[in-house]
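Visitor: Here's a structure for you.
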Amino acid sequence: MPLSVCVSTEVDDVSEGLSYGYYDESCPQAEETVRQQVERIYGIHGNSAVSFTRNIFHDCSVQGCDGSLLLDSLPGHAGEKDSDKNFGMRNYKYVNQMKEAVEQVCPGVVSCADILILSGRDGIAMLGGPHFQVKTGRKDTRNFSMNTADSELLPHDADVDAFLNKMASLNLNISQAVALAGAHTVGRTHCKHLVDRLYPTVDPTLDADYSLYLKKRCPTPTPDPKAVEYSRNDPITPMKFDNNYYKNVMEKKGLLRLDNELYLDARTKPYVEMMAEENDYFFEQFVQGISILSEHNVLIGSQGEIRKHCQWLD
Ligand code: HEM
Ligand SMILES: [Ca+2]
């Protein structure tokens with residue numbers, strides 16, 4: 000039977016769903032413009048690429064990938080940025096700049112939710128991580144609240160159970176979940192999130208020498224919030240997206256409770272070992288995981304809008 004006879008009964012308007020190259024006709028420069036911006040901004044602040052990576056997790060796991068993270072709080076309405084679970088998130092202003100650059104070439108076409116995902120994807124590649132394609136076509140939400148972020152994001156001292164449950168709720172299996180935690184191969188953690196493993200007594204599962212180093216980074220149990228005290232997530236290759244995270248974890252040098260416990264829990268330990276052993280396996284599972292995450296609960300078609308500014312509702 001000739002193919003042309005197979006008339007699809009599905010919605011034939013591709014604008015109704017996510018697809019690769021969704022903007023190929025409506026804004027062919029969209030992906031390249033974001034990529035150039037990520038590169039430009041990386042030249043100003045290398046850590047911006049780290050922020051763009053984390054944005055994917057913090058937008059997509061709260062309500063879905065709908066750009067809710069990017070909206071500024073309003074008088075009388077606290078947004079996600081004000082949630083304590085988003086403490087340490089930074090460089091939002093650069094996403095706004097990317098949106099401005101995209102608006103210059105195609106006004107009103109490309110969503111903030113997509114720009115967030117594209118910049119995260121490009122940030123990962125800039126840091127030496129995997130290069131991969133992502134689908135686009137997400138729409139932006141008008142709903143955002145601190146309370147939703149408070150309840151959807153895990154606390155800094157989450158354990159493996161909480162982590163795997165959360166990841167399963169996002170349709171991620173254990174190897175993909177362990178791979179996503181590997182994003183902690185870059186960036187930093189503030190002392191506020193570390194001191195409970197150091198004071199009053201050191202967590203016995205933490206490497207003893209490393210705990211001394213961390214105590215130097217975080218000399219008091221109550222860090223001065225203004226002093227910006229932190230430790231690098233991966234002291235060996237802090238700005239390189241590689242599998243060194245898993246090597247640290249195997250040496251009991253995982254920073255957060257979760258990082259450390261991934262090697263202590265029988266469900267996750269084999270994956271830590273495999274990812275420490277083989278960077279390609281880490282990258283493969285990470286790409287699978289981040290792709291699923293980046294399509295979580297998206298708004299499509301008329302379910303959402305294309306915001307003019309990522310930080311404000313019109
Ligand atoms: C659900 C488990 C997770 C928990 C509890 C968690 C928690 C944290 C915490 C507490 C920090 C340090 C924040 C600070 O003190 O500044 C952090 C940093 C970071 N997280 Fe996670 N995280 C999780 C999963 C993920 C995932 C899945 C990704 C990405 C795919 C990710 C990406 C990052 C990045 C890139 C940083 C460094 C941020 C920077 O340097 O600005 N995390 N995470
Ligand atoms: Ca690294």
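Numbering (numbering that gives the first Met the number 0), first residue to last: 0 to 313. Don't be surprised by glycine CBs; every beta carbon is placed ideally from N, CA and C.
Considering only the alpha carbon of each residue, which of 110, 73, 91 lies closest to residue 57?
Guide: In the sequence shown, residue 57 corresponds to position 58, counting from 1. For residue 57, the nearest C-alpha among the options comes from 91.
Visitor: Is residue 27 helix, strand or coil when you go by DSSP?
Guide: Numbered from 1 along the sequence shown, position 28 holds the residue referred to as residue 27. It is coil, neither helix nor strand.
Visitor: By DSSP, does residue 325 sit in helix, in strand, or in coil?
Guide: It is not possible to answer for residue 325, since the shown part of the chain is limited to 0 through 313.
Visitor: If I'm right that residue 63 touches residue 110 with Cβ under 8 angstroms, what's the distance once you round it to whole angstroms?
Guide: The residue labelled residue 63 in the question sits at position 64 within the sequence shown. The residue labelled residue 110 in the question sits at position 111 within the sequence shown. Contact doesn't hold; Cβ gap of about 13 angstroms is too wide.
Visitor: Just how far apart, CA to CA, sit residue 252 and residue 214?
Guide: By 1-based counting over the sequence shown, the position of residue 252 is 253. By 1-based counting over the sequence shown, the position of residue 214 is 215. C-alpha separation (whole angstroms): 13 angstroms.
Visitor: Verify the contact flag: residue 200, CB atom, against every heavy atom of ligand 1, threshold strictly below 7 angstroms.
Guide: In the sequence shown, the residue the question calls residue 200 occupies position 201. No, the beta carbon of residue 200 sits no closer than 7 angstroms to any heavy atom of ligand 1.
Visitor: Kindly give me the distance between the Cβ atoms of residue 118 and residue 227, rounded to whole angstroms, as I take these residues to be in contact under 8 angstroms.
Guide: Position 119 of the sequence shown, counting from 1, holds the residue named residue 118. Position 228 of the sequence shown, counting from 1, holds the residue named residue 227. With 8 angstroms as the limit, residue 118 and residue 227 do not qualify as a contact, their Cβ atoms being about 24 angstroms apart.
Visitor: For ligand 1, is there any heavy atom lying closer than 7 angstroms to the beta carbon of residue 186?
Guide: Locating residue 186 in the sequence shown gives position 187, where the first residue counts as 1. Yes, the beta carbon of residue 186 sits closer than 7 angstroms to at least one heavy atom of ligand 1.
Visitor: Could you work out which residue in 93, 115, 127, 46 is closest to residue 59 when comparing CA atoms only?
Guide: By one-based count along the sequence shown, residue 59 stands at place 60. Comparing Cα-Cα distances from residue 59 to each of 93, 115, 127, 46, the minimum goes to 115.
Visitor: Out of curiosity, what's the CA-to-CA distance linking residue 301 and residue 17?
Guide: On the sequence shown, position 302 is the one that residue 301 refers to. On the sequence shown, position 18 is the one that residue 17 refers to. Between residue 301 and residue 17, the C-alpha separation is close to 13 angstroms.
Visitor: Tell me the DSSP secondary structure of residue 18 in three-state form.
Guide: Stepping through the sequence shown from its first residue, residue 18 is reached at position 19. DSSP places residue 18 in strand when its eight states are reduced to three.
Visitor: Is there contact here, the stretch 91-100 with the stretch 128-140, by at least three beta-carbon pairs under 8 angstroms?
Guide: They do not touch, by the three-pair rule.
Visitor: Using beta-carbon positions only, say whether residue 262 and residue 249 come within less than 8 angstroms of one another.
Guide: As a first step, residue 262 must be located in the sequence shown, where it is residue number 263. As a first step, residue 249 must be located in the sequence shown, where it is residue number 250. Contact flag set, yes.
Visitor: What's the call for residue 8, buried or exposed, on a 16-neighbour Cβ count within 10 Å?
Guide: Taking the first residue of the sequence shown as position 1, residue 8 is located at position 9. Unreliable placement is indicated for residue 8, whose pLDDT of 42 sits below 50; the coordinate value is still reported in the next sentence. Exposed, because fewer than 16 other Cβ atoms sit within 10 Å of the Cβ of residue 8.
Visitor: From the DSSP output, in three-state form, read off residue 189 for me.
Guide: Here the question's residue 189 lines up with position 190 in the sequence shown. Correct three-state label for residue 189: strand.
Visitor: Where do the N-terminal and C-terminal ends of the alpha helix (DSSP H) with residue 99 fall, by residue?
Guide: Working through the sequence shown from its first residue, we reach residue 99 at position 100. Per DSSP, residue 99 belongs to the alpha helix (DSSP H) from 91-104.
Visitor: Going by the beta-carbon positions, is the gap between residue 336 and residue 311 smaller than 8 angstroms?
Guide: For residue 336 there is no data in the structure shown, the boundaries of the chain being 0 and 313.
Visitor: Any contact between the stretch 180-198 and the stretch 222-241? By contact I mean 3 or more CB pairs, one from each, below 8 angstroms.
Guide: The answer is yes - the stretch 222-241 touches the stretch 180-198, with three or more Cβ pairs under 8 angstroms.
Visitor: Per DSSP, residue 135 forms a beta bridge with which residues?
Guide: Locating residue 135 in the sequence shown gives position 136, where the first residue counts as 1. Bridge partners of residue 135: 18.
Visitor: So, with DSSP's three-state summary, where would you put residue 79?
Guide: Here residue 79 refers to the residue found at position 80 of the sequence shown. Residue 79: helix per DSSP, three-state reduction.
Visitor: Can you give me the start and stop residues for the alpha helix (DSSP H) that residue 46 sits inside?
Guide: Residue numbering aside, residue 46 sits at position 47 when the sequence shown is read from its first letter. Its alpha helix (DSSP H) spans residues 46-59.
Visitor: With hydrogens ignored, establish whether the beta-carbon of residue 153 is closer than 7 angstroms to any heavy atom of ligand 1.
Guide: Within the sequence shown, residue 153 is the residue found at index 154, counting from 1. Residue 153: yes, Cβ under 7 angstroms from ligand 1.
Visitor: Just the Cα atoms here: how many angstroms apart are residue 291 and residue 206?
Guide: Within the sequence shown, residue 291 is the residue found at index 292, counting from 1. Within the sequence shown, residue 206 is the residue found at index 207, counting from 1. Using only the alpha carbons, I get a separation of about 34 angstroms.
Visitor: Using 8 angstroms as the cut-off, can you tell me whether the stretch 94-103 makes contact with the stretch 155-175, which would need three or more C-beta pairs spanning the two stretches below that distance?
Guide: Result no; under three Cβ-Cβ pairs closer than 8 angstroms.
Visitor: For ligand 1, I want to know if residue 55 counts as a neighbour, meaning its beta carbon is within less than 7 angstroms of at least one of the ligand's heavy atoms.
Guide: Here residue 55 refers to the residue found at position 56 when the sequence shown is read from its first residue. Yes, ligand 1 has a heavy atom inside 7 angstroms of this Cβ.
Visitor: Please go through the same chain and pick out, in chain order, the residues whose beta-carbon is closer than 8 angstroms to the beta-carbon of residue 299, but skip the five residues on each side of it.
Guide: Against the sequence shown, residue 299 aligns to sequence position 300. Within the same chain, residue 299 has close Cβ partners 15, 16, 17, 136, 137, 138.
Visitor: How is residue 73 classed by DSSP in three states: helix, strand or coil?
Guide: If you number the sequence shown from 1, residue 73 lands on position 74. The answer is strand: DSSP assigns residue 73 an E or B state.
Visitor: What are the boundary residues of the alpha helix (DSSP H) that residue 111 is part of?
Guide: Counted from its first residue, the sequence shown places residue 111 at position 112. It spans 111-125 - the alpha helix (DSSP H) in which residue 111 sits, taken as one unbroken run.
Visitor: Quick one: what's got a C-beta closer than 6 angstroms to residue 54's C-beta in the same chain, skipping five residues either side?
Guide: Looking up residue 54 in the sequence shown gives position 55. Result list for residue 54: 115, 119, in chain order.
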